[in-house]
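Numbering (UniProt numbering), first residue to last: 1 to 242. Here the structure comes first, spelled out in structure tokens, and everything after it is commentary.
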């Protein structure tokens, strides 16, 4: 059955230039990653410049908030507008999934605090350790590898939120804000080609920070499992709730 509703991708930034040129915008990467898990349509809105849709619009099946090179702690005007809108979205109960920056801005909007990660940048292939069972982890082992790139972190959880997973460098890799709203600090839409492109683009910055760039690139492989969290969100929250 084809769903008439649309998943709305809320764009908060673009991939780094070589990835954008070669692979397209975050919306493209997300649609490709969701693939057959969703049989309905998509729409894209730019949180930085566009008017955001009604939080409870009947034609919206879910919102997916993208990553960004922007920083939540900078508190730019468009971020504050987006946070106010997200509070309405969560109150309305519309299924919502935040990725990296999207995960962070959800936490900030709902009463948490995003800070510069005192443990430093997390980039490349990472191992995520689950803290609990959740439909988002359907079919996933207790620990799994995926891809990440970020310098900020959720330092304080919002009241009522549950941290479901962590890594060595980040305490809150997966957060359940409500039964219909989740955030992941990693990037389920970034395959091995995309994350390698990020590492290559940021080579000089990484070297200046003391990272071993060849060591970061060495474990990159196509078999990362973080993609399943996005599939499970679609399957267990969006489709079943439709």
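All C-beta atoms in this analysis are idealised placements derived from N, C-alpha and C, irrespective of residue type, glycine included. The structure presented is a predicted model; accordingly, all values stated were derived computationally and were not measured.
Burial check for residue 127: the Cβ neighbour count within 10 Å stays below 16, so the residue is exposed.
By the CB criterion at 8 Å, residue 182 and residue 97 fall inside the cutoff. Rounded to the nearest angstrom, the Cβ distance from residue 107 to residue 184 is 12 Å, too far for a contact under 8 Å. Non-local beta-carbon contacts of residue 12 in its own chain, meaning distances under 6 Å to residues more than five positions away in sequence, involve 47, 66, 68 and 101 in chain order.
Distance check between residue 189 and each of 204, 223 and 160 places 223 closest, using alpha-carbon atoms only. Shown here for residue 49: same chain residues with a beta carbon closer than 8 Å to its own, the five before and five after excluded, namely 78 in chain order.
Runs of beta strand (DSSP E) with 3 or more residues, each lying fully within the stretch 179–221, are found at 181–184, listed in chain order. Straight across, the Cα-Cα distance linking residue 62 with residue 93 is about 10 Å. Between the stretch 144–154 and the stretch 112–131, the count of C-beta pairs closer than 8 Å reaches three or more; the two stretches touch. Between the alpha carbons of residue 148 and residue 122 lies a distance of about 7 Å. For residue 64, the secondary structure class from DSSP, reduced to helix, strand or coil, is strand. In terms of CA proximity to residue 109, 75 leads the group 134, 136, 5 and 75.
For residue 108, the enclosing alpha helix (DSSP H) starts and ends at 101–109.
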